[in-house]
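Student: I have a structure I would like to understand better, so I am pasting it below and will then ask my questions one at a time.
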Amino acid sequence: FLLSDLFGVSTSTVSSIFTTWMFYLFAIFKDTIVWPSRECIKKHMPPSFKKSFPRTRCIIDCTEIFIQRPRDPSNQAKTYSSYKSHNTYKFLIAITPTGAISFVSDVWGGNTSDRYITQNSGFLDMISPGDEIMADRGFTIRDLLTERHAHLNIPPFTRKCHWGKGKRLNASEIRKTRHIANLRIHVERAIQRMKKFKLLSQVIPWRMKSVVSCAT
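Each residue of the sequence shown is one higher than the one before, starting from 71 at the first, in our numbering.
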């Protein structure tokens, strides 16, 4: 409404111009997200990864953007995120061990699982045999990576104690959990940087899915 008033044009005209420029900028900058070669990753591997996870190709995570609630019940169900208790769009992001964004998927409804997005976004096509992928526990994709002779590094799951009550990790698993958590913070920071773009940090109309895909 502000731009409409400033330039004396209708809101539909503002929307059309904004969308056109978003697609134009996407066409220009889409190739700036590059999947680096394994040799490039190895050459610039930070010491924190080199010591314990030297074959890490990338760190992955999914993030969500709040959207307005669709009127159609079917779209409501597809976009409702039980994790966020809100209708959202969701996408997968991968970063290199140095913190550079190396992959961003298309946008999916918030009800879509991390596994489904990973499996259908084209991400797996980027994986080479011997690669190690770091993720959170929610990524149940070990079998998908194994099929490509790659390995998943996630924090260990807790298990039942031998006396049958409670759950715990041993000392080695606790160290691994902390180590992975410290390294995974890089992908969280990358997502935070992306969401400084105002379009991705506020509730947006659900019909703007294609625009959001360009913005990410």
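For every residue, glycine included, the Cβ atom is placed at its ideal position computed from N, Cα and C.
Starting from T247, trace the alpha helix (DSSP H) in both directions and tell me its first and last residue.
Tutor: Its alpha helix (DSSP H) spans residues A241 to M264.
Student: What residue range does the alpha helix (DSSP H) around K113 cover?
Tutor: R108 to K113 is the extent of the alpha helix (DSSP H) around K113.
Student: Could you check whether the segment 159-173 touches the segment 255-264, counting it as contact only if at least three pairs of C-beta atoms, one from each stretch, sit closer than 8 Å?
Tutor: Short answer: they touch.
Student: Of the residues A251, G180, Y186 and S191, which one's Cα is nearest the Cα of V174?
Tutor: With distances taken between Cα atoms, V174 lies closest to S191.
Student: I'd like the list of long-range same chain contacts for A68, defined as Cβ closer than 6 Å, with 5 residues on each side in sequence excluded.
Tutor: There is simply no residue 68 to check, as the chain begins at 71 and stops at 286 in what is shown.
Student: When we look at the beta-carbon of D195 and count the other beta-carbons within 10 Å, is it buried (16 or more) or exposed?
Tutor: Exposed, since its Cβ has fewer than 16 Cβ neighbours within 10 Å.
Student: Are there 16 or more other CB atoms within 10 angstroms of the CB of A147, so buried, or fewer, so exposed?
Tutor: By the neighbour-count rule (16 or more Cβ atoms within 10 Å), A147 is not buried but exposed.
Student: With a cut-off of 8 Å, do at least 3 Cβ pairs link the segment 99-116 to the segment 237-244?
Tutor: With a cut-off of 8 Å, the segment 237-244 and the segment 99-116 do not count as touching, because too few Cβ pairs lie within range.
Student: Taking DSSP as the reference, what is the three-state secondary structure of Y159?
Tutor: Y159: strand per DSSP, three-state reduction.
Student: Run through the DSSP bridge pairs and tell me what I187 is partnered with.
Tutor: None, per the DSSP bridge assignment.
Student: With DSSP as the reference, label T90 as helix, strand or coil.
Tutor: The answer is helix: DSSP assigns T90 an H, G or I state.
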